[in-house]
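Working notes, beginning with the structure itself.
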Amino acid sequence: MSNIQHDLKIPKAIKCLQTVRRNNLAAKSVHYFKLKESISLFESISTQLFGLLRLLSEALQRMVNLRGLNLTASGDGYEPESWPMAEIFGRIFDHLSFPRLREAWLYTPVSHGVVDFLQRHRTHIEALCLDGIAVAGGDTRLLDRPIKFPNLRFLDASQNITSTIFSPWELPNLTMITVTWSYDRENISPFDLLLTSTAKFSKANQLQPNLELFRKGWNVDLIEAVSVQLPQIRKLCIGCMHYQEFEKIPMDAMLDVTRYLKRFSDLRRFQWFIEAMEDPPPPCFSMYRAYEITVSLGEMCHSLEFCQLPYGPVWQRIVDDIWIPEEEMDCDAITDDNRLRNWMWNQLVHERYPKLDDLLGFRDTAGGSVERMQATEELLELGQHTGIWNKGAVDKIKISVAASAHSKPDVHSMMSPLVHALKSPG
Numbered sequence: 000m001s002n003i004q005h006d007l008k009i010p011k012a013i014k015c016l017q018t019v020r021r022n023n024l025a026a027k028s029v030h031y032f033k034l035k036e037s038i039s040l041f042e043s044i045s046t047q048l049f050g051l052l053r054l055l056s057e058a059l060q061r062m063v064n065l066r067g068l069n070l071t072a073s074g075d076g077y078e079p080e081s082w083p084m085a086e087i088f089g090r091i092f093d094h095l096s097f098p099r100l101r102e103a104w105l106y107t108p109v110s111h112g113v114v115d116f117l118q119r120h121r122t123h124i125e126a127l128c129l130d131g132i133a134v135a136g137g138d139t140r141l142l143d144r145p146i147k148f149p150n151l152r153f154l155d156a157s158q159n160i161t162s163t164i165f166s167p168w169e170l171p172n173l174t175m176i177t178v179t180w181s182y183d184r185e186n187i188s189p190f191d192l193l194l195t196s197t198a199k200f201s202k203a204n205q206l207q208p209n210l211e212l213f214r215k216g217w218n219v220d221l222i223e224a225v226s227v228q229l230p231q232i233r234k235l236c237i238g239c240m241h242y243q244e245f246e247k248i249p250m251d252a253m254l255d256v257t258r259y260l261k262r263f264s265d266l267r268r269f270q271w272f273i274e275a276m277e278d279p280p281p282p283c284f285s286m287y288r289a290y291e292i293t294v295s296l297g298e299m300c301h302s303l304e305f306c307q308l309p310y311g312p313v314w315q316r317i318v319d320d321i322w323i324p325e326e327e328m329d330c331d332a333i334t335d336d337n338r339l340r341n342w343m344w345n346q347l348v349h350e351r352y353p354k355l356d357d358l359l360g361f362r363d364t365a366g367g368s369v370e371r372m373q374a375t376e377e378l379l380e381l382g383q384h385t386g387i388w389n390k391g392a393v394d395k396i397k398i399s400v401a402a403s404a405h406s407k408p409d410v411h412s413m414m415s416p417l418v419h420a421l422k423s424p425g
């Protein structure tokens with residue numbers, strides 16, 4: 000059955016909910032429901048809120064085939080005046096039961112109703128977002144109830160919730176953890192508590208969790224703490240949230256991060272980037288300097304395959320100390336900003352690319368890594384069209400690409416815009 004998606008404004012959305020409430024066939028056809036407009040939880044609109052919540056609850060109860068639920072409420076529990084309404088909002092979960100639910104994205108206060116809802120769906124939910132503080136004055140004891148999620152693989156939660164649930168909850172198959180600190184205030188709980196609980200949980204369950212952490216500042220201390228307590232992780236993304244004037248990153252911080260990355264034993268992706276409320280400023284160092292730093296990070300952390308520095312693109316390791324900007328394969332990046340294109344061209348002109356045999360060997364030992372295979376095939380294709388190797392090498396490339404076509408169809412026919420751009424660098 001094909002999926003049909005509708006993005007409706009509030010008036011039409013209300014009519015749609017009314018239809019679902021009275022039409023069982025329409026209700027059974029809904030597989031994914033997202034309330035895009037956030038529901039305000041302040042008493043100033045309590046009359047309208049009660050009517051909407053009642054309609055929403057009755058409509059949701061009929062969506063028996065729902066696989067994904069996404070609800071957003073503003074006034075997310077940090078403001079005391081929103082707590083009474085948050086408890087009322089939580090009641091819409093009281094009678095909801097979805098046998099096929101796999102994803103729940105709840106950008107709402109975590110009330111007793113929400114916890115009971117999670118308890119009912121614990122056996123089959125695979126992805127869960129809890130982005131909000133516990134209500135009733137921020138009391139997280141309602142999360143102390145032991146719950147086992149045997150199939151949960153992805154967890155996205157605020158820092159308060161994450162540091163609370165790891166002890167009582169059982170999450171044997173969790174592979175991805177995303178944690179966000181508050182955007183508009185200081186840390187509600189210290190990150191060392193979060194990392195300690197995460198480390199204990201990971202060790203007990205023999206996991207290599209991927210971490211995404213968003214917090215104010217440059218977060219060098221956070222990178223250091225993760226390297227000490229979770230050196231086994233494979234993915235670490237640090238979002239630096241800035242809202243006012245951008246400051247230049249201290250070079251001492253770059254040196255510190257280089258040392259910290261040496262502690263990771265199997266880190267594949269490291270992204271340290273700006274999470275800005277508006278357009279970020281231009282890079283504070285050149286592409287050549289960014290490349291040098293990336294190479295040094297790769298030398299410290301041999302398992303690293305992807306690396307991003309503040310203000311810059313994501314770099315992808317091709318082989319040894321050869322890295323290329325991942326965004327180079329984006330047509331808009333080439334059209335709008337020649338900086339990356341010119342840098343890449345200069346790398347080729349100065350023969351800063353791997354020997355062909357090394358590159359082919361790197362590809363052949365990919366061990367099923369689709370990303371590594373794709374990266375090497377793209378460079379092979381680029382070399383074929385720009386002539387960076389001799390004619391015999393070009394013939395070898397053609398044979399190699401043809402031989403691997405069965406495992407990666409259409410690779411040879413996919414022309415990157417970069418190929419055309421590099422053929423006319425001026």
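Per numbering that gives the first Met the number 0, the sequence shown starts with residue 0, numbered consecutively. Ideal Cβ positions, reconstructed from N, Cα and C, are used throughout, including at glycine.
Proximity of residue i and residue j at Cβ, strictly below 8 Å
i       : j       : result
Trp-271 : Thr-293 : no
Phe-148 : Leu-170 : yes
Ile-176 : Pro-208 : yes
Leu-68  : Leu-16  : no
Ile-124 : Leu-95  : no
Ile-91  : Leu-59  : yes
Lys-215 : Met-253 : no
Leu-229 : Leu-194 : yes
Ala-289 : Leu-260 : no
Ile-222 : Ile-237 : yes
Val-227 : Val-256 : no
Val-225 : Leu-206 : no
Leu-355 : Thr-375 : no
Glu-291 : Phe-213 : no
Gly-89  : Ser-110 : yes
Gly-34  : Leu-70  : At residue 34 the sequence reads Leu, which differs from the Gly that was named. Against a cut-off of 8 Å, the Cβ pair of Leu-70 and Leu-34 comes out as a contact.
Leu-105 : Val-114 : no
Thr-163 : Val-178 : no
Asp-155 : Asp-130 : yes
Option nearest residue i by Cα separation, candidates the options
i       : options                              : result
Thr-107 : Phe-97, Ser-157, Phe-153 and His-123 : Ser-157
Glu-102 : Met-372, Cys-239, Phe-88 and Asn-64  : Asn-64
Thr-18  : Phe-49, Met-62 and Tyr-31            : Met-62
Arg-99  : Asp-93, Arg-90 and Arg-119           : Arg-119
Gly-297 : Phe-284, Ile-323 and Tyr-310         : Ile-323
Lys-202 : Asn-172, Phe-213 and Asn-218         : Asn-172
Leu-51  : Tyr-31, Lys-14 and Thr-163           : Lys-14
Val-318 : Ser-56, Ser-285, Ile-273 and Thr-364 : Thr-364
Phe-263 : Lys-234, Phe-284 and Asp-251         : Lys-234
Thr-122 : Ser-110, Asn-22 and Trp-168          : Trp-168
Met-250 : Gln-231, Arg-20 and Trp-217          : Trp-217
Tyr-310 : Lys-199, Met-286 and Ile-321         : Met-286
Val-29  : Ala-12, Lys-11, Arg-66 and Phe-49    : Arg-66
Which of helix, strand or coil DSSP assigns to residue i
i       : result
His-111 : helix
Val-63  : coil
Asp-319 : coil
Leu-151 : coil
Thr-177 : strand
Leu-303 : coil
Thr-161 : helix
Leu-55  : helix
Leu-260 : helix
Ala-126 : strand
Leu-358 : helix
Phe-92  : helix
Val-294 : helix
Tyr-310 : coil
Asn-22  : coil
Arg-121 : coil
Arg-288 : helix
Leu-34  : coil
Phe-269 : strand
Lys-14  : helix
Leu-379 : helix
Ile-333 : Interpretation of Ile-333 is limited by its pLDDT of 37, a score under 50 that renders its predicted location unreliable; no figure is taken from the coordinates.
Chain D within 8 Å of residue i, Cβ atoms only
i       : result
Met-175 : Annotation note: the requested chain D is absent from the structure, which comprises a single protein chain.
- Pairing CB atoms from the segment 299 to 309 with CB atoms from the segment 256 to 269, are three or more of them under 8 Å? yes
- What are the start and end residues of each continuous alpha helix (DSSP H) run of 4 or more residues lying completely inside the segment 190 to 254, in chain order? 190 to 204 and 219 to 228
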